[in-house]
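Student: Right, I'll just put the structure down here and ask away after.
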Amino acid sequence: MEIEEKQAEVIDHFVKQVSAQKGSALGSVFVEATSHPSLFAFSEILAVPTVAELEGTDNSVHLEMLRLFAHGTWSDYKRNSCKFPQLVPDQVLKLKQLTVLTLAETKKVLSYDQLMLELDVTNVRELEDFLINDCMYAGLVRGKLDQLRRYFEVQFAAGRDLRPGQLGSMIQTLSNWLATSDNLLVTIQDKIKWADTMSELDKKHRKELEDRVMEVKKAVSVKYDSAILGSIEKLKPPRGRKPSGICFGLASYDIGLLIFLWLPLCFYNARDSWYFSFLSSFHFHFVVFGNSYLCFTDSMVVENTIEKTFHGFVNLLVAWLHGVVLVLVI
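Quick note on UniProt numbering: the sequence shown kicks off at 1 and runs consecutively.
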C-alpha cells in the first residue's frame, strides 16, 4: 500500500508530460518514466491517447518498450531484445525488480536457482544483495531469506499492471473467493447456532444438577435433624417430672439410713477383737455403699417415681441384709 501511495504523484506527473508530447518526443519521456525509482505501474501512461497513436508508426518501438515494463519480465526482454531499444542500467534494474513481482504473483516460495535464472544472476551473494537492497528496502516485497534451504519466502509483494486477458481470470478468482467466503460465513453462523444450543443445554443440565443436589442436601438434613431430635426425645425425662432430683434425694436418704444401721453392727462386733471388728465393718461398708450405688443407678433407669421409690427401698433392704450376713459370718 505504501508503494502505491508514493507513486501516485509520480504517475500524475508523467501522464501530464506524455499528454503534452507526440511522436518521437515521447521516447525520452518513456525512458525517464521507466527509470524512475518510485514508478512501477504504467497502465495510466499507456491509456493516454497520444501514446496509443504510436501504434503502427516508426516510433512503435517506444510503445513496445513501455508495454514490456507494464507487463513483461527480464526473460521476455532477453528473448526479444532486437525488438526493443537498448536499455540503460536504471531500466535494467527496474525490469528485474518487476520480474520479482511477477514471480511472486504465483509462488510464495521462490528458490534461489529459479531467481538466479530469471534475473540472470551468477551467484547467491549477488542475488541476496539484490533482493535485500533493491527489492525489500524499496518496499516492493517483504519476506525471509533462507540460505540453508536456498529459497526466498514471500510475505508481501506489490501489484503490477494487469496484462491483456488477465482481467477475466482475476474476476473469476475474486468470484471464487467471494463464494468461498460466503460458504465460510454460513459455516461460521451454523457453528455459532450450535454453540448457542449447546450452551443452553449445558445451562439447563447444570440447573437440573444443582436442583438435584439441593434436594439431596435437604433430604439428608431432614433425616439428620429427625435422628437428632429422636435421640434427644429418648434422653429427655417425662414432662412435669424431675427424676434426677428424686434420684439424688433417694440416694442421700439411703446412704444416711445405711450409715445408721451400720453403727449397731459395729458395736455388736466390739466383743470381737479389733481386727475382726474393723474387717467386718469394712466389708459391711463396702457392701452397703456398693448396693446404695446400685440403688441410685437403678433408680435413674426406672421412669415412674413410685417404681423408683420401691426399687430404692428394695435395694436398701438387700444392701442391709448383705451387710448383716457378712458381719455374722466374719
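A virtual CB, placed ideally from N, CA and C, is assigned to each residue, including glycine.
Predicted model only: the values in this text are computed from it and were never measured.
With a threshold of 8 angstroms on Cβ separation, who are the neighbours of Lys83 within its own chain once the five nearest residues in sequence on each side are excluded?
Tutor: By one-based count along the sequence shown, residue 83 stands at place 83. Same-chain partners within the cutoff: Val61, Glu64.
Student: Looking at the secondary structure, which residues open and close the alpha helix (DSSP H) in which Val48 lies?
Tutor: Indexing the sequence shown from 1 puts residue 48 at position 48. Looking at the DSSP string, Val48 is not in any alpha helix (DSSP H), and its letter there is neither H nor E.
Student: Please return the same chain residues whose Cβ sits closer than 8 angstroms to the Cβ of Tyr77, not counting the five positions on each side in sequence.
Tutor: In the sequence shown, the residue the question calls residue 77 occupies position 77. So the qualifying residues of the chain are Leu68, Phe84, Leu87, Leu95.
Student: Rounded to the nearest angstrom, what separates Leu103 and His13 at their Cα positions?
Tutor: Indexing the sequence shown from 1 puts residue 103 at position 103. Indexing the sequence shown from 1 puts residue 13 at position 13. Using only the alpha carbons, I get a separation of about 29 angstroms.
Student: Answer with buried or exposed for Thr34, where buried requires no fewer than 16 other C-beta atoms within 10 angstroms of its C-beta.
Tutor: Residue 34 sits at position 34 when you count from the first residue of the sequence shown. By the neighbour-count rule (16 or more Cβ atoms within 10 Å), Thr34 is buried.
Student: Helix, strand or coil: which one does DSSP assign to His13?
Tutor: Position 13 of the sequence shown, counting from 1, holds the residue named residue 13. Reduced to three states, the DSSP call for His13 is helix.
Student: Closest to Glu44 by CA distance: which of Ser169, Ser28, Leu66 is it?
Tutor: Residue 44 sits at position 44 when you count from the first residue of the sequence shown. Glu44 has its Cα closest to that of Leu66, out of Ser169, Ser28, Leu66.
Student: DSSP on Glu5, reduced to helix/strand/coil?
Tutor: By one-based count along the sequence shown, residue 5 stands at place 5. Here Glu5 sits in helix by DSSP.
Student: Report buried or exposed for Gly56, applying the criterion of at least 16 other Cβ atoms within 10 angstroms of its Cβ.
Tutor: Here residue 56 corresponds to residue number 56 of the sequence shown, with the count starting at 1. Flag for Gly56 reads exposed.
Student: Where DSSP assigns a beta bridge to Asp146, which residues make up the other side?
Tutor: For the purposes of this step, residue 146 is taken as the residue at position 146 of the sequence shown. Note: Asp146 sits in a beta bridge opposite Tyr151.
Student: Among the candidates Val18, Ile171, Gln155, Arg212, whose CA atom is the shortest distance from the CA of Leu101?
Tutor: For this step, residue 101 is matched to residue 101 along the sequence shown. Comparing Cα-Cα distances from Leu101 to each of Val18, Ile171, Gln155, Arg212, the minimum goes to Gln155.
Student: With a threshold of 16 other CB atoms inside 10 Å of the CB of Val141, please say whether the residue is buried or exposed.
Tutor: Mapped onto the sequence shown, residue 141 falls at position 141. It counts as buried.
Student: Measuring CB to CB, does Asp134 end up less than 8 angstroms from Ala41?
Tutor: Start at 1 with the first residue of the sequence shown, and residue 134 comes out as number 134. Start at 1 with the first residue of the sequence shown, and residue 41 comes out as number 41. No; because the gap between Cβ atoms is not below 8 angstroms, this pair is not in contact.
Student: Please look up how many angstroms separate the CB atoms of Met116 and Leu98, rounded, as I've assumed it's under 8 angstroms.
Tutor: Here the question's residue 116 lines up with position 116 in the sequence shown. Here the question's residue 98 lines up with position 98 in the sequence shown. The pair is not a contact, with the Cβ atoms about 17 angstroms apart (cut-off 8 angstroms).
Student: With DSSP run on the structure shown, which of helix, strand or coil describes Ala158?
Tutor: Within the sequence shown, the letter at position 158 stands for residue 158. Of the three classes helix, strand and coil, the one that applies to Ala158 here is coil, per DSSP.
Student: If you follow the alpha helix (DSSP H) that Val29 is in, where does it begin and where does it stop?
Tutor: In the sequence shown, residue 29 corresponds to position 29, counting from 1. First-last of the alpha helix (DSSP H) with Val29: 25 to 35.
Student: Nearest by alpha-carbon distance to Arg149: which of Val124, Ser81, Gly23 is it?
Tutor: By 1-based counting over the sequence shown, the position of residue 149 is 149. Closest by alpha carbon: Val124.
Student: Here's the rule: buried if 16 or more other CB atoms are within 10 angstroms of the residue's CB, otherwise exposed. What is Leu119?
Tutor: Walking along the sequence shown from the start, residue 119 turns up at place 119. With 16 or more Cβ atoms within 10 Å of its Cβ, Leu119 is classed as buried.
Student: Throw me the rounded Cβ distance for the Arg163 and His71 pair, which I believe falls under 8 angstroms.
Tutor: Position 163 of the sequence shown, counted from the start, is the residue given in the question as residue 163. Position 71 of the sequence shown, counted from the start, is the residue given in the question as residue 71. Right, their Cβ atoms sit about 4 angstroms apart.
Student: Residues in the same chain with beta-carbon distance under 6 angstroms from Gly143, minus the five sequence neighbours each way, listed in chain order, please.
Tutor: Your numbering for residue 143 matches position 143 in the sequence shown. So the list reads Phe152, Glu153, Val154, Gln155, once near-sequence residues are dropped.
Student: Does the distance from the C-beta atom of Val48 to that of Val92 stay below 8 angstroms?
Tutor: As a first step, residue 48 is located in the sequence shown; it is residue number 48 there, counting from the start. As a first step, residue 92 is located in the sequence shown; it is residue number 92 there, counting from the start. No.
Student: Assign residue 331 to one of two classes, buried (16 or more other C-beta atoms within 10 Å of its C-beta) or exposed (fewer than that).
Tutor: Within the shown structure, residues of the chain are numbered from 1 to 330, placing residue 331 beyond reach of any answer.
Student: According to DSSP, is Ser111 helix, strand or coil?
Tutor: Mapped onto the sequence shown, residue 111 falls at position 111. Reduced to three states, the DSSP call for Ser111 is strand.
Student: What residues are listed by DSSP as bridge partners for Val124?
Tutor: Here residue 124 refers to the residue found at position 124 of the sequence shown. Answer is none; Val124 lacks a bridge partner.
Student: Would you list the one or two residues that DSSP bridges to Val141?
Tutor: Within the sequence shown, residue 141 is the residue found at index 141, counting from 1. The partner list for Val141 (beta bridge, DSSP) reads Ala157.
Student: Using a Cβ-Cβ cutoff of less than 6 angstroms, which residues in the same chain neighbour Ile11 once the five nearest sequence positions on both sides are dropped?
Tutor: The residue given as residue 11 occupies position 11 in the sequence shown. Within the same chain, Ile11 has close Cβ partners Glu44.
Student: In terms of residue numbering, what span does the alpha helix (DSSP H) encompassing Leu54 cover?
Tutor: By 1-based counting over the sequence shown, the position of residue 54 is 54. Unbroken run through Leu54: none, as it is neither H nor E.
Student: Would DSSP call Gly206 helix, strand or coil?
Tutor: In the sequence shown, the residue the question calls residue 206 occupies position 206. Looking at the sequence itself, residue 206 is Arg, so the reference to Gly does not match. Helix.
Student: Just the Cα atoms here: how many angstroms apart are Leu26 and Arg79?
Tutor: Mapped onto the sequence shown, residue 26 falls at position 26. Mapped onto the sequence shown, residue 79 falls at position 79. Those two C-alpha atoms are separated by around 25 angstroms.
Student: Drop a sphere of 10 angstroms on the beta-carbon of Tyr137, count the other beta-carbons inside from all chains shown, and report buried for 16 or more, exposed for fewer.
Tutor: As a first step, residue 137 must be located in the sequence shown, where it is residue number 137. Exposed, by the Cβ-count rule.
Student: From the DSSP output, in three-state form, read off Ala20 for me.
Tutor: One-based indexing of the sequence shown puts residue 20 at position 20. Ala20: coil per DSSP, three-state reduction.
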